[in-house]
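J.:
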Amino acid sequence: MDAISKEKGKKLIFGITGNPNKEDIKKTISLLQSLLNERESIFSEELSPFLSTNRRILSFDKLAEHVDFLVTLGGDGTFLRTARHSRGKPVIGVNLGGLGFLTVFRPEEIEEVIKDIKNNEYEIEERFAIKAIKRDKHFLALNDITIILTGSSRMINIEVRVNDELLYKFRGDGLIVSTPTGSTAYNLAAGGPILYPRMEVIAVTPICPHKLSMRPVILPSDVILNIQVSSKGEKMLLSADGQENINLTQNETIQIVPADEKIKIVKTKRTPPYFSILRNKLSWG
1173 MDAISKEKGK KLIFGITGNP NKEDIKKTIS LLQSLLNERE SIFSEELSPF LSTNRRILSF
1233 DKLAEHVDFL VTLGGDGTFL RTARHSRGKP VIGVNLGGLG FLTVFRPEEI EEVIKDIKNN
1293 EYEIEERFAI KAIKRDKHFL ALNDITIILT GSSRMINIEV RVNDELLYKF RGDGLIVSTP
1353 TGSTAYNLAA GGPILYPRME VIAVTPICPH KLSMRPVILP SDVILNIQVS SKGEKMLLSA
1413 DGQENINLTQ NETIQIVPAD EKIKIVKTKR TPPYFSILRN KLSWG
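Numbered per the numbering used here, the sequence shown spans residues 1173 to 1457.
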């Protein structure tokens, strides 16, 4: 997708959020304060200990409403948290550690990345996301929705229906419904396929099923999944991106559908090619 055209004379506002426990967070925030003036930046409140006194601060959940771009400082987990609260605003991932799948820019590249954005020399890549519906509550995920037992070696009974048609029933450790973005995370560890990130499909991957014939299934993104779960008195958990966790009840049915909006990720000429990131992360030759 092409870059968003900047209105003539309009100052872009960058919302900065991040993981305050990262080793280089103070130095990186200091750099951002030198690059962006008070009118060009708003910081998430968890970063307030690292800021000069004249900086604007907002709560994390309100930040996206008041900015044009979101800059996330940390790892892929920090990026996922920011993306779920991005409200359609493009996200820039800066990695304070090793190279991530989503946080692809290094701190020393921030100045050039911001310059590229101000010069309208960037693109927006839209990523498909999903949401789980539990009664009247919605849970957004860019990576995956997982269903597991908590604190038990027992198995969970799972029934999966696709557009009201039975796909399969099985007993196992759980189930992963993954987007292409999340296919290299828990899905991959459970034996699921790697999906190219711009595809609009989902992978349904059983976790350690009791039947060896159970296999991951790739489905089009517009299907409606209805997943019924039960266990012998054990606690069941639904997790969105491994961060937002919700208890499930016996014989409860969860619906998983496409999210209303896609997640927007900023790419510049400094963004590494996807297969380069893949080879690096998976130690391929």
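Just so you know, even glycine gets a beta-carbon here, dropped at the ideal spot from N, CA and C.
Can you tell which of Leu1230, Ile1197, Thr1275 has the C-alpha that lies nearest to the C-alpha of Val1438?
T.: Locating residue 1438 in the sequence shown gives position 266, where the first residue counts as 1. Comparing Cα-Cα distances from Val1438 to each of Leu1230, Ile1197, Thr1275, the minimum goes to Thr1275.
J.: Please report the straight-line C-alpha distance between Leu1454 and Arg1278, rounded to a whole angstrom.
T.: Residue mapping note: residue 1454 aligns to position 282 of the sequence shown, counting from 1. Residue mapping note: residue 1278 aligns to position 106 of the sequence shown, counting from 1. Those two C-alpha atoms are separated by around 19 Å.
J.: If I'm right that Val1266 touches Leu1245 with Cβ under 8 Å, what's the distance once you round it to whole angstroms?
T.: In the sequence shown, counting from the first residue as 1, residue 1266 sits at position 94. In the sequence shown, counting from the first residue as 1, residue 1245 sits at position 73. That belief holds up - the Cβ atoms of Val1266 and Leu1245 are roughly 5 Å apart, short of 8 Å.
J.: With a CB to CB cut of under 6 Å and the five nearest residues on each side skipped, what residues in its chain are close to Gly1457?
T.: For the purposes of this step, residue 1457 is taken as residue 285 along the sequence shown, with counting starting at 1. Within the same chain, Gly1457 has no close Cβ partners at all.
J.: Tell me, please, whether the CB atom of Pro1388 is closer than 7 Å to any CB atom in chain C?
T.: The question asks about chain C, but that chain is absent: this structure has only one protein chain.
J.: Would you please state the rounded distance, in angstroms, between the beta carbons of Ile1428 and Leu1397? I believe it to be under 8 Å.
T.: The residue labelled residue 1428 in the question sits at position 256 within the sequence shown. The residue labelled residue 1397 in the question sits at position 225 within the sequence shown. Correct: roughly 4 Å between the Cβ atoms.
J.: Under the rule that 16 or more other beta-carbon atoms within 10 Å means buried, what is Arg1451, buried or exposed?
T.: As a working mapping, residue 1451 is identified with position 279 in the sequence shown. Exposed, by the Cβ-count rule.
J.: Hey, how far is the Cα of Leu1384 from the Cα of Ile1302?
T.: Locating residue 1384 in the sequence shown gives position 212, where the first residue counts as 1. Locating residue 1302 in the sequence shown gives position 130, where the first residue counts as 1. When rounded, the distance between both Cα atoms is 28 Å.
J.: Please check the pair Leu1184 and Ile1214, which I expect to be a contact at CB under 8 Å, by giving their CB distance rounded to whole angstroms.
T.: Counted from its first residue, the sequence shown places residue 1184 at position 12. Counted from its first residue, the sequence shown places residue 1214 at position 42. Actually they are not in contact, since the Cβ atoms of Leu1184 and Ile1214 sit about 12 Å apart, beyond 8 Å.
J.: What does the alpha-carbon distance come out to for the pair His1238 and Arg1253?
T.: Your numbering for residue 1238 matches position 66 in the sequence shown. Your numbering for residue 1253 matches position 81 in the sequence shown. Taking the straight line from one Cα to the other gives about 18 Å.
J.: The alpha helix (DSSP H) that contains Thr1250, what's its start and end?
T.: As a first step, residue 1250 must be located in the sequence shown, where it is residue number 78. Unbroken alpha helix (DSSP H) run through Thr1250: 1248-1256.
J.: Rounded to whole angstroms, what's the CA-CA distance from Leu1314 to Ile1390? Just pull it up for me.
T.: On the sequence shown, residue 1314 is found 142 positions in, with the first residue counted as 1. On the sequence shown, residue 1390 is found 218 positions in, with the first residue counted as 1. Going by the C-alpha atoms only, they are around 17 Å apart.
J.: Buried or exposed for Ser1177, going by 16 or more other Cβ atoms inside 10 Å?
T.: Reading the sequence shown from its first residue, position 5 is the one you call residue 1177. In this predicted model, Ser1177 has a pLDDT of only 48, less than 50, meaning its place in the structure is not dependable; the value taken from the coordinates is given anyway. The residue is exposed, with fewer than 16 neighbouring Cβ atoms inside 10 Å.
J.: Just checking, does the segment 1349-1361 make contact with the segment 1370-1382 on the three C-beta pairs under 8 Å criterion?
T.: yes
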